[in-house]
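A.B. asks:
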Amino acid sequence: MPEAEGAVVDAGSPVLADCARRFGATPRGARLARRFAVRRLEGWGVAVRSEDSDAVVVIVAELVANAVTHGRVQGRDFELRMVLDEGGVRVEVTDARREAVPRIGVRTLEENGRGLLLVDALSSVWGVSDRVIGKTVWAVRKFE
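All letters in the sequence shown, in the order written, are residues 3 to 146 by our numbering.
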C-alpha cells in the first residue's frame with residue numbers, strides 16, 4: 003500500500019475545498035457521480051476539458067464503476083468524496099463490500115482490473131483503506 007494513505011494531496015498544503023455525496027450503486031448513480039465531479043471541479047476553478055479535469059474525471063469514472071460493479075451491496079449506496087488543496091485533488095470512493103479489494107489486471111485478456119491501470123497512470127498514488135463496513139479506494143491527482 004502506498005505510504006501517502008493518510009495524506010490529502012500534499013501534507014503541507016491546507017485543504018481549499020471538500021465535497022462528498024452519496025449515490026445509488028447503479029449505472030445511473032455512476033453517471034451522476036461523474037457529472038457531479040465535473041461540476042465540482044469547474045466550481046473549484048479547474049477548467050473543463052483541461053488535462054487535470056479530464057484525468058480526475060477518468061479516475062472518478064473508474065473508481066465509481068468498480069464500486070457499482072464489484073462493491074455493490076443490495077440497498078447500500080456508494081460515496082464519492084473529493085478534496086482539493088494547492089497540489090491537486092484526492093478522490094475517494096467508499097462502498098459497502100470490504101472483501102472486494104481492487105487489483106490491477108496483469109494479463110491483457112483479464113476481464114477486470116484494466117480500469118485501475120488508468121487510475122495508476124493518471125494518479126501520483128492510489129490505494130485502499132479498510133473501514134468498519136466496506137472500504138475506501140482513493141487516488142491522488144497532482145496538478146501540473
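Glycine included, C-beta positions come from ideal geometry on N, C-alpha and C.
1. For Gly47, name the three-state secondary structure that DSSP assigns.
2. I need the DSSP call for Phe145, collapsed to helix, strand or coil.
3. Cβ atoms of Asp87 and Pro29: under 8 Å apart, would you say?
4. Please report how far the alpha carbon of Ala49 lies from the alpha carbon of Val40, in whole angstroms.
5. By alpha-carbon positions, which one of Cys21, Arg23 and Ala57 ends up nearest to Lys144?
6. Report all residues from its chain with a CB closer than 6 Å to the CB of Arg24; omit the five preceding and five following residues, and keep chain order.
7. I need the straight-line Cα distance from Arg92 to Glu101, nearest angstrom please.
C.D. replies: Per the coordinate set shown:
1. Your numbering for residue 47 matches position 45 in the sequence shown. Gly47: coil per DSSP, three-state reduction.
2. On the sequence shown, position 143 is the one that residue 145 refers to. Residue state for Phe145 is assigned as coil, using DSSP reduced to three classes.
3. The sequence position of residue 29 within the sequence shown is 27, counting from 1. The sequence position of residue 87 within the sequence shown is 85, counting from 1. Taking 8 Å as the Cβ cut-off, Pro29 and Asp87 do not qualify as a contacting pair.
4. As a first step, residue 49 must be located in the sequence shown, where it is residue number 47. As a first step, residue 40 must be located in the sequence shown, where it is residue number 38. Approximately 9 Å, taken between the alpha carbons.
5. As a working mapping, residue 144 is identified with position 142 in the sequence shown. The option with the nearest alpha carbon to Lys144 is Ala57.
6. Translated into the one-based positions of the sequence shown, residue 24 becomes position 22. Closer than 6 Å at Cβ, skipping near neighbours: Asp79 and Glu81.
7. Walking along the sequence shown from the start, residue 92 turns up at place 90. Walking along the sequence shown from the start, residue 101 turns up at place 99. Distance between the alpha carbons of Arg92 and Glu101: 23 Å.
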